[in-house]
Every structure is written in structure tokens, then in C-alpha cells.
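Colleague:
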Amino acid sequence: MSILVIAEHNNAVLNPSTLPTVAAALKLDKDVHVLVAGAACAPVAESAAKIAGVVKVLHADDAVYAHPLAENIAALIVTLAGKYSHILAPGTFFGKNFMPRAAALLDVQQISDITGIESADIFIRPIYAGNAFARVQSMDNPKLLTVRPTAFDAAAREGGSAKIESIGSAGDSGLSKFIGQELTKSERPDLATAKIVISGGRGLGNGENFKKYIEPIADKLNAAIGASRAAVDAGYVSNDLQVGQTGKVVAPNLYIAVGISGAIQHLAGMKDSKVIVAINKDADAPIFAIADYGLVGDLFQILPELEKAI
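For the sequence shown, the tail end lands on 1177 under the numbering used here, and the numbers increase by one without skipping.
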């Protein structure tokens, strides 16, 4: 049977998290379909049709999908589930929102945050904050999976010529209503997909020091800014910058950890980075155990020198 991937998007642009999810789907079968559910989202459907390896795009265009409410998206997935052996979504806030509900409605177990695929029914997923990996076998039909985007190489955005098929809406469940949202606007790269990330921890002392010491380096490197949970809980920065087990999982080419001790929960969100640089005054900080380069010293002296050197 075919594989269905739920595309993450904002009704105008396809989110990069969809590409590694398609790559994971292609490891299961070559007959991969992509569901684009949204409102006035034809450009997204066209982009999805160009992804290398995609055979068909299902385009559900309805005002009820203008925002991906779990109740409405899950209901749509249920109407399509009988045609697919596996249904995949990115393991981002997007996929985590509706996939558990869809699994419950289908009376199957969701397998979360997979990082590997051994066969059509055996999957690898991290447990204990990434310190161990579980090998999970599922006999469910269909199998619902969320995919850790950083664990799979992205499928090519260009090269495909999939057929776009318009499908009907499952309607409004009436169980929830979108009221509004407040989005943080930034010209910096998105934290989840940035190639360079500089993160600050409790060692920075306050939010003003984030602006004074972290932001100038981020601007010069064209890097995204992240933070540890301790820094977020202390109110230094907003929680959309949190990296870790309860935040965002990132795997940039370069990760710079400043004033971050390296709690296991934080390491779970960034230890797959290609190169890790740690700056901390405590030579025994756990972050140095996984860092490729470590600098022991006062960050308030080191960061201005680093900015000048860039």
C-alpha cells in the first residue's frame, strides 16, 4: 500500500520539515503521497508536487484548514487512512498537535519521533532523553509515525512531477475554534532549520545580556538564537527559542553553547549538531563531554573578543 505524508506549511510556503519526512517515507515504499490541507494553499500543493520521489499530492482546500487544528486535521486523516499502510508527519509542534488524536480515532498506537527505519514494521526512536534507543515493532494498520526531521536527509525540493488531486474536506468538527496567535518576527534564520545556532544559558545572567553579547555574534554569523530551558524559565528570552527535550531539536552544522552547563534535557535537543563549541567558566561542565571545541573562561570577556574576530 501507499505511504501518506502530512505536509507542514503556512498556506503559502512548504515548511522544510516536510522534506526529511518524505525522505523517511521513501525508505518504506516508493509510492509516496503528500497531503496538503489548508486554505488557498495551491502554491504549497505545487511545491509538494515538485519534491523528488512524490507520486501524488492530495490537495484539501477549505477554510476549516486555514489553521491546523488537531480536531479538523485528524478527522481528515481518518477519512484517508484506509488507503495507506503508513501515515507520517514531521515530529514538530505541527505533527505533535494532531497525530495523537488521529491515532486514537483509528485505535492504533502512534510511534513518536522516529530516527531510523529498519523495515516496514520496525522503527528506531530515542528514549531517556536520547541516551538510549528503542527498537519498536508495530503490527498496527495503518502505522502512524512522527519523524524527527534532523534524523533524515531532506528529499530534494526539485525533480518531482507528481499529480495534484483535489479531495473533499472532512468539514468542521466544531470542537475547537482558532482565536488568534502572536508570532515572533525575526530576520534571522528559523531555529529548527538554521545551519548555525548560538544558544545562551543561565550563565548570561539576564535578557539584556542576550541582546548585548549573543545577538551581535548571531548577526555576523547569520545564525539563529537558541536558549536552554533554564534561561527560558528565568525569563531571559521567549520559550520559542528553547532547545532541548521539551523545546526544539536542532542539528545545525555549527552549534555554539554559551553559559550552558549541559543538562541531559538540553543535550537531547542539540547533540546531533555537526560541530559543537562550548564556552563555559566551569571546566567540569557536562557540555564539554560532547563538545568538539571547548573554551573555559568568562563569557563576558570571550564573546566581545569573538565578535571582533569574526
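For every residue, glycine included, the Cβ atom is placed at its ideal position computed from N, Cα and C.
1. Please state whether DSSP places residue 1019 in a helix, a strand or coil.
2. Just checking, does the region 1090-1098 make contact with the region 1034-1043 on the three C-beta pairs under 8 Å criterion?
3. Which of the three DSSP states, helix, strand or coil, is assigned to residue 900?
4. Is residue 990 helix, strand or coil by DSSP?
5. In terms of DSSP beta bridges, what is residue 923 paired with?
6. For residue 1045, does the count of other Cβ atoms within 10 angstroms reach 16, so buried, or fall short, so exposed?
7. How should residue 1000 be labelled, buried or exposed, when 16 other C-beta atoms within 10 angstroms of its C-beta is the threshold for buried?
8. Going by DSSP in three states, residue 1168 sits in which element: helix, strand or coil?
9. So, using beta-carbon positions, are residue 1154 and residue 1135 closer together than 9 Å?
10. Decide yes or no for the touch test of the region 868-886 against the region 901-908: beta carbon pairs closer than 8 Å, at least 3 of them.
11. Enumerate in chain order the residues of its own chain whose CB-to-CB distance from residue 989 is below 6 Å, with the five nearest sequence positions on each side excluded.
12. Quick check: what's the CA-CA separation for residue 935 versus residue 904?
13. Measure from the alpha carbon of residue 993 to the alpha carbon of each residue in 1169, 1112, 1160, 1145, then state which is nearest.
Modeller: On the basis of the data shown:
1. Residue 1019 sits at position 152 when you count from the first residue of the sequence shown. Correct three-state label for residue 1019: coil.
2. Under the 8 Å Cβ criterion, the region 1090-1098 does not count as touching the region 1034-1043, having fewer than three qualifying pairs.
3. Numbered from its first residue, the sequence shown carries residue 900 at position 33. Three-state DSSP puts residue 900 in a strand.
4. For the purposes of this step, residue 990 is taken as the residue at position 123 of the sequence shown. In the structure shown, residue 990 sits in a strand (DSSP, three-state: E or B).
5. As a working mapping, residue 923 is identified with position 56 in the sequence shown. Note: residue 923 sits in a beta bridge opposite 900, 1030.
6. Here residue 1045 corresponds to residue number 178 of the sequence shown, with the count starting at 1. Counting of Cβ neighbours within 10 angstroms places residue 1045 among the exposed residues, the total staying below 16.
7. The residue labelled residue 1000 in the question sits at position 133 within the sequence shown. Its Cβ having fewer than 16 others within 10 Å, residue 1000 is exposed.
8. On the sequence shown, residue 1168 is found 301 positions in, with the first residue counted as 1. Here residue 1168 sits in helix by DSSP.
9. Your numbering for residue 1154 matches position 287 in the sequence shown. Your numbering for residue 1135 matches position 268 in the sequence shown. Taking 9 Å as the Cβ cut-off, residue 1154 and residue 1135 do not qualify as a contacting pair.
10. Output reads yes: the region 901-908 touches the region 868-886.
11. For the purposes of this step, residue 989 is identified with residue 122 of the sequence shown, where counting begins at 1. So the list reads 1004, once near-sequence residues are dropped.
12. Position 68 of the sequence shown holds residue 935. Position 37 of the sequence shown holds residue 904. Between residue 935 and residue 904, the alpha-carbon positions lie close to 8 Å from each other.
13. Along the sequence shown, one-based indexing puts residue 993 at 126. For the residues 1169, 1112, 1160, 1145, the minimum Cα distance to residue 993 belongs to 1112.
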